[in-house]
Amino acid sequence: MQSKANTPEEYINELPDDRKIVIQKLRKTILDHLPKGFKEQMTYGMLGYVVPHDLYPDGYHCNTALPLPFMNVASQKNFVALYHSGMYANKELYDWFVEEFPKYVKTKLDIGKSCIRFKNMETIPYGLIGELCTKMSVDDWIIRYTKNIKKT
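Printed below as a string of structure tokens:
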């Protein structure tokens, strides 16, 4: 479900009350832990955390007018999604998250290559997500992206 909101605040305000609380808490967790250099903005109809053009002028290879995406948060119909491109580009980071998750949550991890789906809003591991945010700097992400993902 893509939003037409122009700001993170507009996005959150259009959510149902139960999702507002969850998305606000995820947003705060990310903003409190994400390394300097990443910028919050709306991207693809969801909360986005990107490398701005002033730090990486090439932008996103699929559409260079867009800044380089790193993380997104979205309230979907049946779940809340956290998209983390760094886990897609770094198998060690992905494996670390998969190994740590059961220490925080007793239910099975629902994860794709970069998408973590939370169907039960009561069991979102905010502490683990905060730690995940600290694991990759802007410079680390640019290096991984240009090496592993960017099409030349």
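Residue numbers (full-length UniProt numbering): 1 to 152.
Just so it is clear, CB atoms sit at the ideal spot from N, CA and C, and this is done for glycine as well.
As the structure is a prediction and not an experimental result, all values here were calculated from the model.
Inter-residue CB distance, residue i and residue j (contact presumed, cutoff 8 Å)
i: Tyr-88; j: Lys-113; result: 5 Å
i: Met-121; j: Asp-18; result: 7 Å
i: Pro-57; j: Lys-39; result: That belief does not hold up - the Cβ atoms of Pro-57 and Lys-39 are roughly 14 Å apart, past 8 Å.
i: Pro-67; j: Val-138; result: In fact, because the Cβ distance is near 11 Å, the residues do not count as touching under 8 Å.
Environment of residue i [buried if 16+ CB atoms lie within 10 Å]
i: Gly-127; result: exposed
i: Ile-143; result: exposed
i: Cys-133; result: buried
i: Pro-125; result: buried
i: Thr-29; result: buried
i: Asn-72; result: buried
i: Ile-129; result: buried
Selected residue, minimal CA-CA separation from residue i, among the options
i: Cys-115; options: Pro-57, Val-98 and Glu-10; result: Val-98
i: Ala-74; options: Leu-93, Lys-135, Glu-92 and Pro-16; result: Pro-16
i: Tyr-11; options: Lys-150, Asp-140, Phe-118 and Thr-43; result: Thr-43
i: Leu-82; options: Phe-70, His-61, Tyr-60 and Tyr-145; result: Phe-70
i: Ile-23; options: Pro-8, Lys-36 and Gly-37; result: Pro-8
i: Asn-6; options: Gly-45, Lys-77, Lys-150 and Gly-37; result: Gly-45
Inset, instruction - Give, in chain order, every unbroken run of the alpha helix (DSSP H) that is at least 4 residues long and sits entirely within the UniProt domain "YdhG-like" (21-135). - result: If we require 4 residues or more, the alpha helix (DSSP H) runs fully inside the UniProt domain "YdhG-like" (21-135) come out as 85-89, 91-104 and 126-134.
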